[in-house]
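These protein sequence lines map, in sequence, to chains B and D.
Count the first sequence with this note's numbering and you get residues 34 to 154, in order.
Count the second sequence with this note's numbering and you get residues 13 to 119, in order.
All residues carry an ideal CB built from backbone N, CA and C; glycine is no exception.
Values in this document were obtained by computation on a predicted structure and should not be read as measured data.
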Amino acid sequence: QGQLVQSGAEMKKPGASVKVSCKAFGYTFTSYYMHWVRQAPGQGLEWMGMINPSGGFTSLAQKFQGRVTMTSDTSTSTVYMHLSSLTSEDMAIYYCARASSSLYYYYGVDVWGQGTTVTVS
Amino acid sequence: DIQMTQSPSSLSASVGDRVTITCRASQTIGTYLNWYQQKPGKAPNLLIYVASSLQSGVPSRFSGNGYGTDFTLTISSLQPEDFATYYCQQSYSNPYTFGRGTKVEIK
Chain B
34 QGQLVQSGAE MKKPGASVKV SCKAFGYTFT SYYMHWVRQA PGQGLEWMGM
84 INPSGGFTSL AQKFQGRVTM TSDTSTSTVY MHLSSLTSED MAIYYCARAS
134 SSLYYYYGVD VWGQGTTVTV S
Chain D
13 DIQMTQSPSS LSASVGDRVT ITCRASQTIG TYLNWYQQKP GKAPNLLIYV
63 ASSLQSGVPS RFSGNGYGTD FTLTISSLQP EDFATYYCQQ SYSNPYTFGR
113 GTKVEIK
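Here it is, written out as structure tokens:
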């Protein structure tokens with residue numbers, strides 16, 4: 034069914050960058066888009082973008098264009114999300130989440146990582 | 013961006029109650045609408061995709077309906093494990109925006 038394991042918590046200073054990893058297990062890594070969603074403390078969910086691990090095509094929310102880079106490494110079944118120019122507004126839990134369908138990108142996401150807490154201070 | 017408006021923002025209900033949550037899109041999105049459940053400290057869990065399809069493993073007391081701009085999530089008989097926050101999300105166009113959530117609490 035699949036499992037996603039993310040890298041550990043990060044503490045960064047304002048202006049710095051962070052790179053979060055998400056390693057996939059138990060399914061064909063290149064067959065499913067991977068999404069990134071973040072959640073600020075006590076707040077709702079915010080979709081950041083998605084990547085096709087096969088080929089690296091990305092679709093980012095305009096809000097994050099220029100500041101977020103998503104990449105994939107098929108040799109290790111790992112996707113990465115790099116966020117630069119951090120501010121206090123970027124403090125959040127960052128989740129990777131796998132598309133639920135390998136055919137239909139709009140079928141939601143059904144496998145989530147455990148989340149990576151990013152603190153900016 | 014497509015705005016997703018959920019109502020109510022919170023509700024109190026008893027075990028066994030029928031609960032309905034509404035989600036309205038700022039423009040038509042067909043059936044490109046998903047519902048998630050999130051419990052404190054946990055990642056969200058996909059309940060319903062494309063408005064009315066039940067995700068594998070999700071209890072049949074959950075159902076979704078709607079087309080265009082107006083959608084509902086219904087829990088036919090609320091169970092203790094259903095107390096959580098529920099989010100709708102449109103997957104019609106980038107960015108795939110979420111509603112602000114509906115917190116379902118115990119009465």
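Taking B:A125 and B:A73 to be in contact with their CB atoms under 8 Å, please state how far apart those CB atoms are, rounded to whole angstroms. About 4 Å separates the two Cβ atoms, so the contact holds.
Distance, Cα to Cα, D:D29 vs D:F95? The alpha-carbon atoms of D:D29 and D:F95 are separated by roughly 12 Å.
Under the rule that 16 or more other beta-carbon atoms within 10 Å means buried, what is D:S89, buried or exposed? Of the other Cβ atoms in all chains shown, fewer than 16 fall within 10 Å of the Cβ of D:S89; this residue is therefore exposed.
Thinking C-beta only, is D:Y99 closer than 9 Å to D:G80? Taking 9 Å as the Cβ cut-off, D:G80 and D:Y99 do not qualify as a contacting pair.
Residues in the same chain with beta-carbon distance under 7 Å from B:S92, minus the five sequence neighbours each way, listed in chain order, please. Answer for B:S92: G82, M83, listed in chain order.
Closest to B:P47 by CA distance: which of B:Y137, B:G146, B:E122, B:G41 is it? Distances from the alpha-carbon of B:P47 to those of B:Y137, B:G146, B:E122, B:G41 put B:E122 closest.
Which chain B residues are close to D:Q67, counting only those with a beta carbon under 8 Å from its beta carbon? Within 8 Å Cβ-Cβ: S133, G141, D143.
Using only the alpha-carbon positions, how far apart do D:K115 and B:A130 sit? A direct Cα-to-Cα measurement between D:K115 and B:A130 gives close to 22 Å.
Taking C-alpha atoms, which residue in B:Q34, B:A42, B:S154 lies nearest to D:S68? D:S68 has its Cα closest to that of B:Q34, out of B:Q34, B:A42, B:S154.
Inspect the beta-carbon positions of B:W80 and D:A55 and report whether they are closer than 9 Å. In this structure, B:W80 lies away from D:A55, with their beta-carbon atoms at least 9 Å apart.
Could you work out which residues of chain B lie near D:T109, taking near to mean beta carbons separated by less than 7 Å? Neighbours of D:T109 on chain B, chain order: W80.
If distances are taken between C-alpha atoms only, which option among D:R36, D:E117, D:Q102 comes closest to B:G141? The residue with the shortest Cα to Cα distance from B:G141 is D:Q102.
Determine which residues share a DSSP beta bridge with D:Q49 and list them. Residue pairing by DSSP puts D:Q49 in a beta bridge opposite D:N57, D:Y98.
Locate the beta strand (DSSP E) running through B:G35, then write down its first and last residues. Membership of B:G35 in any beta strand (DSSP E) is not indicated, and neither H nor E is assigned to it by DSSP.
Beta-carbon contacts of D:I33 that lie in its chain and below 6 Å, excluding the five residues immediately before and after: Answer for D:I33: L85, Y98, T114, listed in chain order.
Partner residues on chain B for D:R36, Cβ-Cβ distance less than 8 Å: None at all; the shortest Cβ gap to chain B is about 16 Å.
Residue environment, D:D82, which counts as buried when at least 16 other CB atoms sit within 10 Å: By the neighbour-count rule (16 or more Cβ atoms within 10 Å), D:D82 is not buried but exposed.
Going along chain D in order, which residues have a C-beta closer than 7 Å to the C-beta of B:S40? Under the 7 Å cutoff, chain D gives no residues; its nearest Cβ is about 15 Å from B:S40.
What does B:G89 touch in chain D if you count any residue whose Cβ is under 7 Å from its own? Residues of chain D passing the Cβ test: none, with the nearest at roughly 17 Å.
Going by DSSP, which residues form a beta bridge with B:A57? Answer is B:L37, bridged to B:A57.
Closer than 9 Å, CB to CB, is B:Q95 near chain D or not? B:Q95 counts as touching chain D.
Going by the CB atoms, is the gap between D:T43 and D:A25 shorter than 9 Å? Cβ atoms of D:A25 and D:T43: not closer than 9 Å.
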